[in-house]
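Residue numbers (my numbering): 26 to 207.
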C-alpha cells in the first residue's frame with residue numbers, strides 16, 4: 026500500500042538536505058572569494074613594506090649620511106645591501122661555462138636520475154653497477170642552489186670581483202632591518 030504522507034515526508038527531507046547543501050556550497054564560494062580579497066590585500070601590503078624597506082628609508086638615511094641608526098629605546102635601524110640572482114634557462118649554459126671558467130664550477134650540482142618501475146629492484150642494482158653499459162639512459166640535471174648563488178654574488182660583488190650581471194640576472198638593492206631591544 027502506498028503511504029502518501031510518508032513519501033511526502035521523504036521528499037521534504039530531501040528538499041531540506043538539498044537546500045542545506047546549496048547553503049554550504051554558497052558559503053564555500055563566499056569564503057573563497059574573501060580569501061582572494063585578503064590575499065590581494067596581503068600582496069599589496071608586502072609591496073608597500075618592500076618599497077619602504079628598499080627605497081624610502083634607505084634613500085632618507087643615505088641623504089642624512091647614515092647606514093645605521095640607534096633609537097632612544099635601544100632599537101636599531103640598519104640599511105644593508107640586498108642581493109638577488111638567478112639563472113634562467115636561456116642563460117644556463119653561459120652561466121655554467123662562466124662558473125667553470127672562473128674556478129667556481131664546484132657550486133654546480135650535477136644530478137642524475139633514473140626511474141624504475143615496480144619489482145625492478147634487480148634492474149636498479151644492475152644499473153647502479155653498470156649504468157650505461159646496460160643501455161639505460163639517465164636524466165641529467167645541472168643546477169646551482171639559489172641561496173648558494175646569492176651568497177656567491179654577494180661575496181664577489183663586495184670583494185670588487187667580476188660577476189656578469191646579465192648572465193645571472195643580478196639585482197642589488199637595499200633592505201632595512203629593525204632590531205628591537207630585547
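We put the beta carbon where it would ideally sit given N, CA and C, even for glycine.
Runs of 3 residues minimum, wholly inside the stretch 28-71: which ones carry the beta strand (DSSP E) assignment? none
Proximity below 7 Å, CB of residue 108 to CB of residue 200: no
Taking the straight line between their C-alpha atoms, what separation do you get for residue 207 and residue 74? 23 Å
Three-way DSSP call (helix, strand, coil) for residue 121 in this model: helix
Which ranges does the alpha helix (DSSP H) cover as unbroken runs of at least 4 residues, wholly within the stretch 74-149, from first to last along the chain? 82-88 and 117-126
Cutting at 6 Å between CB atoms, please list the residues of its own chain near residue 138, excluding the five before and the five after it. 164
List the endpoints of the continuous beta strand (DSSP E) containing residue 192. That residue, residue 192, is in no beta strand (DSSP E); its alpha helix (DSSP H) goes 190-193.
Apart from the five residues on each side of it in sequence, which residues of its chain come closer than 7 Å, Cβ to Cβ, to residue 121? 133 and 167
Endpoints, alpha helix (DSSP H) assigned at residue 204: Counting along the chain, residue 204 falls outside any alpha helix (DSSP H), though it belongs to the beta strand (DSSP E) covering 196-204.
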